[in-house]
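Take a look at the structure below.
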Amino acid sequence: MSSLDEILLRLSDGQFHSGEVLAKELEITRAAIWKQLNKLKTMGLVVDAVRGKGYRLQQPLELLNADLIMGHLLSGTKAFVTELNVHTEIDSTNRFLLQQQEAKHQSGQICLAERQTKGRGRRGRPWVSPFGSNIYLSILWRYEQGPASLAGLSLALGLAVTRVLSNYTRTGVGLKWPNDIICNDKKLGGILIEITGESQGPCTLVAGIGLNISMHDSQSSDIDQPWVNLKDIMEVEKISRNKLAAELVEQMVVILKDYPERRFSFYQKEWQEQDIMYNKPVCATSASGNKSGIAKGVDSDGNLIFQSDDGLQIIHSGEVSLRLQT
Ligand code: BTN
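In this text, residue positions in the sequence shown follow our numbering: the first is 9, and each later residue adds one.
So this is what it looks like as structure tokens:
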């Protein structure tokens, strides 16, 4: 464990820790402790320093912990997990898994981070990823079949999230085509799938989920759309991010492991039940402009069925995004 992680672990209880004791325990100088505390500040954490008492985090934190997450997994799922890493800070959990050497592409590799410095969203947009407040989770899966057999998988994975969240809240969490997690017209999370490999297979897929849990307004100034935290809509007393991460892994694995056999048609009905846009007037935006119409659900490959003045149209997810007409 790095000295930064060691300090974080100690401070995560929200209690005061003296600089002297920290330096002794970590066998580094007090100047080195001070440097790491400054690093925590640059990561957005508020560190109180009080003479005679030491340092504390203004807000106690439940840090993500690989052993705790593994401990929450059912044994059936554990068998599919080949590696599970938690990073204090990384550019992007999706990028980390995708850029490993191909020889290491083995299904069931999982990467989580407390903070992403270059979190990736759909359509090349950034995913704002402040420290310790949300979930950033990616899973790598290897398929012998080509990407065509994975059509609609990013939509199906939205169901992994709604299945988990149904245990936390009944206040209308739904899905917006193709893969936004929405509550009361605000974004709660999103899914980004990235695929490398041959068109006829084999291919490697990385599925990443970002879920807002307790992000502070001050951390979200770069988000350009209405958003919401799970903390603000949940009906349970407390959220354990470790337990929630394990529940997401459970449901993602269930869907990933036999997707080419099941395909989207297996999930179509469940997806339609979560579709917040169904039969609503929407505007579809792509590089070629905006188009108004009515959303009519999804077909058996997860494409959007869109009714406009030109008739019924099938829209592939690629570079299109959808919003309700106001
Ligand atoms: C979207 O634009 O709605 C998709 C957002 C996906 C964000 C997640 S966070 C974990 C994983 N790593 C990334 O860089 N992006 C995804």
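Virtual Cβ for every residue (Gly too), placed ideally from N, Cα, C.
Membership of S207 in any beta strand (DSSP E) is not indicated, and neither H nor E is assigned to it by DSSP.
Remark: C-beta atoms of L53 and L72 do not approach each other more closely than 8 Å. Judged by their CB atoms, R130 and G198 are nearer to each other than the 8 Å cut-off. Counting only residues of its own chain and dropping the five nearest sequence neighbours on each side, L19 has a CB closer than 7 Å to the CB of H25, Y63, R64, L65. Annotation for Q124 indicates a beta carbon within 7 Å of some heavy atom of ligand 1. Segment contact: the stretch 150-170 against the stretch 229-238, fewer than three CB-CB distances shorter than 8 Å; contact not assigned. The criterion of a C-beta distance shorter than 8 Å is not satisfied by L167 and V181.
Residue side-chain check: S228 keeps its Cβ at 7 Å or more from all non-hydrogen atoms of ligand 1. Looking at G301, E278, L105, K277, the one whose alpha-carbon comes closest to that of N287 is G301. With a contact defined as Cβ atoms closer than 8 Å, I221 and R249 qualify at about 6 Å.
In terms of side-chain proximity, the C-beta atom of I263 is found no nearer than 7 Å to any non-hydrogen atom of ligand 1. DSSP lists K299, L330 as the bridge partner or partners of A292. For ligand 1, a non-hydrogen atom lies closer than 7 Å to the CB of L200. DSSP lists L148, E202 as the beta-bridge partner residues of V214. For L145, the CB falls within less than 7 Å of some heavy atom of ligand 1. Spanning the alpha carbons of L252 and I147 requires a straight line of approximately 15 Å. In summary, T85 is buried, with 16 or more beta-carbon neighbours lying within 10 Å of its beta-carbon over all protein chains present. Only exposed fits L82, as fewer than 16 other CB atoms lie within 10 angstroms of its CB. The closest heavy atom of ligand 1 lies less than 7 Å from the beta carbon of I217.
Rounded to whole angstroms, the separation of the alpha carbons of D309 and G319 is 20 Å.
When secondary structure is reduced to three states using DSSP, K304 falls in the strand class. By alpha-carbon distance to E245, the top candidate from G305, Y176, G205 is Y176. In the structure shown, F274 adopts helical secondary structure according to DSSP, grouped into three states. With a threshold of 7 Å, the Cβ atom of D193 does not count as near ligand 1, since no heavy atom of the ligand is closer than that. Secondary structure of A87 (DSSP, three-state): coil. Across the structure, I203 and A156 are spaced so that their CA atoms are roughly 11 Å apart.
Between I263 and L165 the beta-carbon gap is near 6 Å, inside 8 Å, which marks them as a contact.
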